[in-house]
Amino acid sequence: MDRELLIEIGVEELPAAWLPGLTRQLGERLAARLKEYRLAPRAPIETYSTPRRLTVRLAKIAERQEDLEELVTGPPVSAAFNAAGEPTPAAVGFAKKQGVAVEDLGRASSSRGEYLTYLKRQRGRSALDTLPGVLGGVLRDLSFPKQMRWDATLDDGRGEFVFGRPIRWLLFLYGGRVVPFTVTRPPYAAGPLVQEVHSGALTYGHRFLATSGRAGRSIKVRSFDEYQARLKEHFVVLEHAERRDRIARDLEGHARRLGGRVALKEHQALIDEVADLVEFPGVVAGFFDPAFLGLPAEVLATTLVHHQHYFPVVSERGTLKEAFLAVVNTQPKDERPIARNAERVVTARLRDARFFWESDRRTPLESRLDRLHTLLFHKALGSYRDKAQRLETLAAWVASDAFGVPDAAGHAATAGRLAKADLTTDMVFEFPELQGTMGGIYAREEGRPEEVWKAIYHHYLPVAVEADAPPSSAALGPAAVTWGAVSLADKLDTVVGLLHAGERATGSRDPFGLRRQMHGIVRILMDLPELTGLDRELTIDSLASHAVQAFGATGEVAATVRGFALERVRYALEGRGFATELVRAVTATPDVSPLRARRVARALQGLRASEDFQALAVLFKRVKNIARELPEPADLDRDALTEPAERALLDALDARRPAVARAAAGADYTRALTEIAALRPVVDCFFTEVFVMADDARVRTARLTLMASLRDLILDLADISEIVPHTE
Amino acid sequence: MVTLQQLIFKLSEFWTSRGCLLQQPLDIEMGAGTMHPETFLRVLGPDHWSVAYVQPSRRPADGRFGENPNRLFKHHQFQVILKPAPDEVQQLYLQSLEACGIDLRAHDVRFEEDNWESPTLGAWGIGWQVLFDGQEITQFTYFQQAGGVDLSPISVELTYGLERFAMALQDVDNVFELEWGAGVKYRDVRHRDEVEQSRYAFGQIEMPAAELHALHRNLFDLYYGLAGTLLRSGLVLPALDYCLKCSHMFNLLDSSGGIGVTERMAYILRVRGLAVAIAKAWVGESRPPASAEAEA
Numbered sequence: 170m171d172r173e174l175l176i177e178i179g180v181e182e183l184p185a186a187w188l189p190g191l192t193r194q195l196g197e198r199l200a201a202r203l204k205e206y207r208l209a210p211r212a213p214i215e216t217y218s219t220p221r222r223l224t225v226r227l228a229k230i231a232e233r234q235e236d237l238e239e240l241v242t243g244p245p246v247s248a249a250f251n252a253a254g255e256p257t258p259a260a261v262g263f264a265k266k267q268g269v270a271v272e273d274l275g276r277a278s279s280s281r282g283e284y285l286t287y288l289k290r291q292r293g294r295s296a297l298d299t300l301p302g303v304l305g306g307v308l309r310d311l312s313f314p315k316q317m318r319w320d321a322t323l324d325d326g327r328g329e330f331v332f333g334r335p336i337r338w339l340l341f342l343y344g345g346r347v348v349p350f351t352v353t354r355p356p357y358a359a360g361p362l363v364q365e366v367h368s369g370a371l372t373y374g375h376r377f378l379a380t381s382g383r384a385g386r387s388i389k390v391r392s393f394d395e396y397q398a399r400l401k402e403h404f405v406v407l408e409h410a411e412r413r414d415r416i417a418r419d420l421e422g423h424a425r426r427l428g429g430r431v432a433l434k435e436h437q438a439l440i441d442e443v444a445d446l447v448e449f450p451g452v453v454a455g456f457f458d459p460a461f462l463g464l465p466a467e468v469l470a471t472t473l474v475h476h477q478h479y480f481p482v483v484s485e486r487g488t489l490k491e492a493f494l495a496v497v498n499t500q501p502k503d504e505r506p507i508a509r510n511a512e513r514v515v516t517a518r519l520r521d522a523r524f525f526w527e528s529d530r531r532t533p534l535e536s537r538l539d540r541l542h543t544l545l546f547h548k549a550l551g552s553y554r555d556k557a558q559r560l561e562t563l564a565a566w567v568a569s570d571a572f573g574v575p576d577a578a579g580h581a582a583t584a585g586r587l588a589k590a591d592l593t594t595d596m597v598f599e600f601p602e603l604q605g606t607m608g609g610i611y612a613r614e615e616g617r618p619e620e621v622w623k624a625i626y627h628h629y630l631p632v633a634v635e636a637d638a639p640p641s642s643a644a645l646g647p648a649a650v651t652w653g654a655v656s657l658a659d660k661l662d663t664v665v666g667l668l669h670a671g672e673r674a675t676g677s678r679d680p681f682g683l684r685r686q687m688h689g690i691v692r693i694l695m696d697l698p699e700l701t702g703l704d705r706e707l708t709i710d711s712l713a714s715h716a717v718q719a720f721g722a723t724g725e726v727a728a729t730v731r732g733f734a735l736e737r738v739r740y741a742l743e744g745r746g747f748a749t750e751l752v753r754a755v756t757a758t759p760d761v762s763p764l765r766a767r768r769v770a771r772a773l774q775g776l777r778a779s780e781d782f783q784a785l786a787v788l789f790k791r792v793k794n795i796a797r798e799l800p801e802p803a804d805l806d807r808d809a810l811t812e813p814a815e816r817a818l819l820d821a822l823d824a825r826r827p828a829v830a831r832a833a834a835g836a837d838y839t840r841a842l843t844e845i846a847a848l849r850p851v852v853d854c855f856f857t858e859v860f861v862m863a864d865d866a867r868v869r870t871a872r873l874t875l876m877a878s879l880r881d882l883i884l885d886l887a888d889i890s891e892i893v894p895h896t897e
Numbered sequence: 031m032v033t034l035q036q037l038i039f040k041l042s043e044f045w046t047s048r049g050c051l052l053q054q055p056l057d058i059e060m061g062a063g064t065m066h067p068e069t070f071l072r073v074l075g076p077d078h079w080s081v082a083y084v085q086p087s088r089r090p091a092d093g094r095f096g097e098n099p100n101r102l103f104k105h106h107q108f109q110v111i112l113k114p115a116p117d118e119v120q121q122l123y124l125q126s127l128e129a130c131g132i133d134l135r136a137h138d139v140r141f142e143e144d145n146w147e148s149p150t151l152g153a154w155g156i157g158w159q160v161l162f163d164g165q166e167i168t169q170f171t172y173f174q175q176a177g178g179v180d181l182s183p184i185s186v187e188l189t190y191g192l193e194r195f196a197m198a199l200q201d202v203d204n205v206f207e208l209e210w211g212a213g214v215k216y217r218d219v220r221h222r223d224e225v226e227q228s229r230y231a232f233g234q235i236e237m238p239a240a241e242l243h244a245l246h247r248n249l250f251d252l253y254y255g256l257a258g259t260l261l262r263s264g265l266v267l268p269a270l271d272y273c274l275k276c277s278h279m280f281n282l283l284d285s286s287g288g289i290g291v292t293e294r295m296a297y298i299l300r301v302r303g304l305a306v307a308i309a310k311a312w313v314g315e316s317r318p319p320a321s322a323e324a325e326a
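Chain order of the listed sequences is A and B. If you're matching positions, the first sequence starts at 170 in my numbering and goes up one per residue. If you're matching positions, the second sequence starts at 31 in my numbering and goes up one per residue.
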């Protein structure tokens, strides 16, 4: 009979940021270990977590392991029996090893001949006997961003048992019965205060809350339903979604009573995070001196949101009110004692912020530049003062040359020069997440034009490749072009400089955030018209090869940048939903323009289903292969082409080429690709009628050159051979 | 009303009743109670040990001339070391809060991830800041390494920030308004010290900045050399004293603006080199640091 499996790993508070990943891992690792142990789940694996527990439940799981059948191969039949048909010592030995008589052995043929075999059957053990091994494996498998030693060992021969936080209890039930399992403790720590953790039928409720008696006593359970119900009675909401929804509801209710609202959408990530900091969420309202509302909204929000995990309350018009909401791990009868303490912390932090706000503004950004000398950017690339100097020049070049907006170069240069100055302010020292933002605000306070201060304010953005990753063009306003120049210059300088200095992003290791920087570059270039109003299909290569000059770098670096950029453009396009083969088709050339790639991909997506296009894609593979036979590029020897089919192709190419070029120049890639698709009949006919590799060298060269020019025409847009439909 | 001194009594009483030895502050300047030999050295090696003590902690850069209601040149830590860390340590800790008069049901006490690291001590641990209604009142750390040495068994360190804890208990917004003893304010006891120490820490003295920096550097070098000599003489505890002196000189250089960014790292590495050598000597792998020998 199938029975329920319930495991709860009771831990000391796990970091909220780990819970989503750990919960997912728990399900995956359990599934993998069950498979390894041949215990078939007969229901979906359900996982749950709170800061103090990781829980997994399987409503039904097999009672026994599946039996194991293994075919063991013995000696070849030719060597197993003598001329008289009697078994040789080889056959007898094999049978003996398997514990059976020679007559019980089977035979199987392989390419090398016939062999003696034995079908070994192993009866599956009971789930109860097997599950300890499963849990032991799962506990070893879970991986943590940071693990700790806590004087624990497991009885699996692998010694010390590290984990994310100490395990304090294990609820481990199969069909209501306790599955035995023990976390052991090494002799140098074990004693009356440091004891083994034995699995049991016990769980624990909220640390402080209980309907009767002392909180934190053990609770005995036999099934998941009982477990969940008893936890609820003991002030633990097991499901993340339920905690999150409660918090959202409570926040809204509290904000309404205060005559305002909470920007729930904007704070989605914070709600998810606080939901993993508590087991029994409640909300408490606190207030601060309205005089602090004179601080920039960004500073107020950072203090509340990033430092305290509190939610700002805004008026209906969207301005901050002198109130905040704190999510707490209780629903107190009286909110005030908690609120008083929360207010004390907020007030202390805001008082610091106000001090920084006032003192920082006494030193203008321009006169902070010299202090950047003391801040190291990278040991091979100098200080932030050096970087500021490079940014000033590069941002101006991007604006005037790459963007073609010389009028913006002056503002871009100023913003580039000042972009890093806020690293020397007390505010950024105290609130590092405000870098850039603070520089922008201080520049605004100094009366710098919008083109300059907004460029500084947003220059760390974007940090992601999605089409809606901030900033928006609305937020940028008239600063869009200068922002684009400074943001690109900053990221180019970092990527090119660090690659030049030998830093790389490999696997999960990317200590300098190179990928993130490159994502910023890709996103700006890919959405340049939407972000800045400029319609330029810039290649990363053209920008990078200018940026390398500041480092006196070689072509080798440029090649590294190209490869890295290509990989990130592909990532971005796939992230936007383009199929892998489409992405490969539009990123066939290394000097890729993200914007052009995006547009061609869109066009291809619309056309790829058409019959002409599909057929042409197949033919194109042949075109590419055969064009490779051309020893060296040559001028097309038109007179050598005399067959009607090759004349037809030549004429069609001559006729279509200008139209393709015109359409591509106008970024109308659907049109350009349609023109190309129209070549299909003549290409088809060419391959049927014409033998390219003619004996006559002149004719052969002319035909190969014709193929090469067809290839180049198409490849300039996309390598459409990538989108050949798979026949199998 | 729990005065600051009552708070110290209550914590001392609670932890001694749970088997801790009551130690005294080390009579040398330091930035945190972790640097006290009762923590830094006792967590090394196999011997079980439980101890509690108050440690005045000096952080020159945090000095605010007695004008900031929350920041101090010198604050007080109540330090508890339990080795090995008992299974019940979180409950014990929460009971200690109750012993100080906190009703856990009426407040929001949480353990939020905050791993601790001291680059100068080559020490780090895993743990939490304990938030009392959003206010950090304790750092709770399972030590993993000290002086670059892997620890076993694992010790737990509880560091109560006495001023902050008392402010929450007494419901005051300004540290100088705390009641130290009945009728005596924190201001009466400590304010002048804060003003004068801050002036010194930020170099507001009758000596040009360059000269003061040179003096501190010189002192650092002298203490550093002495620590190396003591270590070579097999005297671990005196060596630690002068390692702490170095650390304090470094903090003063830092607060008075006498150190550049790259140089900063070099100083940290020198102190760390000493701390690592001291830790190794304590556990018996006695070997003076090559650098200390060379520079001494």
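Quick reminder that beta carbons are idealized off the backbone N, C-alpha and C, glycines included.
The C-beta separation of Met-60/B from Arg-101/B comes to about 18 Å, leaving the pair out of contact by the 8 Å criterion. DSSP lists Ala-82/B as the bridge partner or partners of Leu-52/B. Within chain A, the residues placing a beta-carbon under 8 Å from that of Ser-182/B are Arg-318, Asp-320, Pro-355, Tyr-357, Ala-358, ordered along the chain. None of the residues of the stretch 648 to 682 of chain A has a beta carbon lying less than 9 Å from any beta carbon of chain B.
According to DSSP, residue pairing for Trp-319/A in a beta bridge does not occur. Under the 7 Å criterion on CB atoms, Arg-135/B is classed as interfacial with respect to chain A. At a cut-off of 7 Å between beta-carbon atoms, Gln-165/B makes contact with chain A. Asn-794/A is outside the set of residues whose beta carbon lies under 7 Å from a beta carbon in chain B. The beta carbon of Gly-605/A sits closer than 6 Å to the beta carbons of His-628, Tyr-629 from its chain, once the five residues preceding and following it are set aside; these are given in chain order. The C-beta of Ile-156/B comes closer than 7 Å to at least one C-beta of chain A. In this structure the stretch 649 to 657 of chain A touches the stretch 572 to 582 of chain A; the number of beta carbon pairs closer than 8 Å is three or more.
Contact between Ala-296/A and Ala-231/A is confirmed by a C-beta separation of about 6 Å, below the 8 Å threshold. For the C-beta of Pro-149/B, not a single chain A residue is nearer than 8 Å; the gap to the nearest is close to 16 Å.
Within the DSSP bridge table, the entry for Tyr-287/A names Val-241/A as partners. For Gln-477/A, the chain B residues whose C-beta falls within less than 7 Å of its own C-beta are Gly-164, listed in chain order. Assigned with DSSP and collapsed to three states, Val-160/B falls in strand.
In the three-state DSSP reduction, Phe-332/A falls in the strand class (E or B). Counting every other CB atom within 10 Å of its CB across the protein chains shown gives Ile-111/B a total of 16 or more, marking it as buried. Remark: fewer than three beta-carbon pairs, one from each stretch, lie closer than 8 Å, so the stretch 135 to 149 of chain B and the stretch 395 to 402 of chain A are not flagged as touching.
Val-180/A and Thr-150/B have their C-alpha atoms roughly 31 Å apart.
Contact between Phe-173/B and Val-73/B holds: their C-beta atoms lie close to 5 Å from each other, under 8 Å.
In this structure, the CA atom of Leu-735/A is about 58 Å from the CA atom of Trp-79/B. Here Leu-174/A is buried, its C-beta having at least 16 other C-beta atoms within 10 Å.
Closest option to Ala-136/B, judged by alpha-carbon separation, among Leu-270/B, Leu-199/B, Glu-166/B, Lys-104/B: Leu-199/B.
Per DSSP, reduced to three states, the secondary structure at Arg-226/A is strand. For Leu-810/A, the three-state secondary structure derived from DSSP is coil. Residues of chain A with a Cβ closer than 9 Å to the Cβ of Gln-174/B are, in chain order, Met-317, Arg-318. For His-66/B, same chain residues with a beta-carbon under 6 Å away, outside a window of 5 residues either side, are Leu-56, Gln-85 in chain order. In this chain, Ile-176/A is not harboured by any alpha helix (DSSP H); it is covered by the beta strand (DSSP E) spanning 172 to 180.
Assignment of beta-bridge partners to His-106/B by DSSP yields Pro-86/B.
Arg-292/A and Glu-238/A have their C-alpha atoms some 9 Å from each other. In the structure shown, Phe-546/A adopts extended strand secondary structure according to DSSP, grouped into three states. Here Met-687/A has Lys-660, Val-664, Phe-733, Ala-734, Arg-737 as same chain residues with Cβ atoms under 8 Å from its own Cβ, once five neighbours each way along the sequence are excluded. According to the DSSP assignment, Phe-377/A belongs to no beta strand (DSSP E), since it is labelled neither H nor E.
Between the beta-carbon of Glu-812/A and that of Val-859/A there is about 5 Å, and that keeps the pair under the 8 Å contact cut.
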